[in-house]
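Reading the sequence shown from the start, the letters are residues -28 to -1, 1 to 182 in mature numbering (1 follows the signal peptide of the UniProt record, and there is no 0).
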Amino acid sequence: MERTPGTASTHVFLLLLLLPDWTSLTRADAHCLCYNFTVMFKSPPEQPWCKVQGQVDENTFLYCDCGTNKSINLSFLGKTVNATKEWEEQIKTLREVVKELRLKISDIKLENYTTTAPLTLQAKMCCQRTAGKRTGASWKFGFGGQTFLLFHSRSRNWTEVRPGARLMKEKWEKDRELNGFFKRLSEGDCNKWLRKFWDHWEKILEPTGK
């Protein structure tokens, strides 16, 4: 049966309702760590080709770009953990992530999507812990501020959110190494960082009602 535009939109809307809501943590013991990546295949002269922002419960603690190749702590949160072993591991891993994403941009083909600006990939990795246990992990990928693809880390399933990412979805879901990379980062590394960093952040964030 051919899907009508309305049917497809309803399907996507219902799917989004089932996804973890990383920006609205209703339980006091639920906490979320997210990393926002902006990666360009070709950047303008003297402009960084990537930017990374780290947030815990929507509070920014890390910003770095590929121009200076240095991390900048934007808040007291970053300064409380930047002397830990996990912090250095995090920075090293994030650099590997942006390099991998940049390699993938050159092969991306979007249908019915044109822009005069250099193609810029926006990705978001999140992991969540509730009552001290891992409860979720996922990735979002998009362009121009719009989400095109979702990656469900636990099941390794891909979902096309907006028309135009079909070829990208088909290619990425067949890449077993890439799928394993995304799953390992979100369920493994991200979860470990949240667990370790939270020991330092708990006394700072808990009184705010986060």
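All C-beta atoms, glycine included, are put in the ideal place defined by N, C-alpha and C.
| query | result |
| --- | --- |
| Whether Phe82 touches Val11 by CB criterion (7 Å) | Here residue 82 turns out to be Leu, not Phe, going by the sequence shown. No. |
| Selection from Val24, Trp111 and Glu68 that minimises the alpha carbon distance to Arg126 | Trp111 |
| Val11 - partner residues in DSSP beta bridges | Cys22 and Leu93 |
| Residue environment, Arg148, which counts as buried when at least 16 other CB atoms sit within 10 Å | exposed |
| Residue nearest to Thr52 in terms of C-alpha spacing, selected from Thr32, Leu122, Gly39 and Asp37 | Thr32 |
| Contact under 7 Å by Cβ, Phe113 with Phe154 | no |
| Beta-carbon spacing of Gly39, Pro16 below 7 Å | no |
| Residue environment, Gly50, which counts as buried when at least 16 other CB atoms sit within 10 Å | buried |
| Spatial distance of Asp171 from Pro90 (CA atoms) | 41 Å |
| Residues near Ser158 in its chain [Cβ-Cβ closer than 7 Å; skip 5 each side] | Met97, Cys99, Ala109, Ser110, Trp111 and Ser125 |
| Reduced DSSP secondary structure (H/G/I, E/B, other) of Gly108 | strand |
| For Thr102 and Asp1, believed in contact at Cβ under 8 Å, the rounded distance | 6 Å |
| Candidates Asn163, Glu178, Trp173 and Ile176, of which the one nearest Lys62 by Cα | Per the sequence shown, the amino acid found at residue 62 is Gln instead of Lys. Out of Asn163, Glu178, Trp173 and Ile176, Asn163 has the C-alpha closest to the C-alpha of Gln62. |
| Between the CA atoms of Phe9 and Gly160 - distance to the nearest angstrom | 18 Å |
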